[in-house]
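In this note's numbering, the protein residues as written are 599 to 734.
Backbone N, C-alpha and C define an ideal beta-carbon position, used for all residues, glycine too.
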């Protein structure tokens with residue numbers, strides 16, 4: 599599993615099957631009838647990736663994820679082990695990155711292991727760069 603060029607290991611996609619591609623709103627008309635509006639959602643799918651006790655992440659990777667998290671407007675490419683790809687941003691409705699050390703250490707090294715949770719949100723892929731005009 600990769601987030602841009604960062605190898606994430608085998609994190610668990612916690613909310614993979616909770617997404618409903620169809621959005622629906624219901625209201626009542628003044629006569630009491632049920633009004634239903636439904637439509638297909640194109641983006642905005644939450645993707646929560648977590649260690650869940652099965653994958654440990656070195657501090658060096660956690661620091662790289664911090665740099666991504668702290669970059670405003672960055673659209674990243676998430677590639678899953680099965681080859682599926684998503685354009686994602688950090689989901690900031692909750693902490694977008696959580697990291698807890700397996701063992702407490704005052705001055706952990708780059709290889710010190712952490713359990714992590716990443717909260718992402720699918721977005722439209724970024725627009726490709728326009729090709730330069732061959733005739734100026």
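*Cβ neighbour criterion (16 or more within 10 Å) applied to residue 626*: exposed
*Identify the residues that DSSP records as bridge partners of residue 675: which are they?*
685
*The beta strand (DSSP E) with residue 663 in it runs from where to where?*
Run containing residue 663: none in the beta strand (DSSP E); it sits in the alpha helix (DSSP H), 657-667.
_Rounded straight-line distance, which links the Cα of residue 732 to that of residue 694_ = 43 Å
*Opposite residue 621 in the DSSP bridges: which residues?*
637
*asked:* Which same chain residues end up closer than 6 Å to residue 635 when comparing Cβ atoms and leaving out the 5 residues on each side of it in sequence?
replied: 623
*Tell me the DSSP bridge mates of residue 647?*
611, 716
*Within 10 angstroms of its Cβ, does residue 686 collect 16 or more other Cβ (buried), or is it exposed?*
buried
*Collapsed DSSP secondary structure at residue 710 in the structure displayed*: coil
*The beta strand (DSSP E) enclosing residue 735, as first and last residue numbers*: Outside the shown range of the chain (599 to 734) lies residue 735, about which nothing can therefore be said.
*Give the secondary structure of residue 741 by DSSP, where H, G and I count as helix, E and B as strand, and everything else as coil.*
Residue coverage of the chain in this structure runs from 599 to 734, which leaves residue 741 outside it and unanswerable.
*By a C-beta neighbour count over all protein chains shown, 10 Å radius and 16 as the cutoff for buried, is residue 716 buried or exposed?*
buried
*Please state whether DSSP places residue 695 in a helix, a strand or coil.*
strand
*Under the DSSP definition of a beta bridge, which residues are partnered with residue 632?*
626
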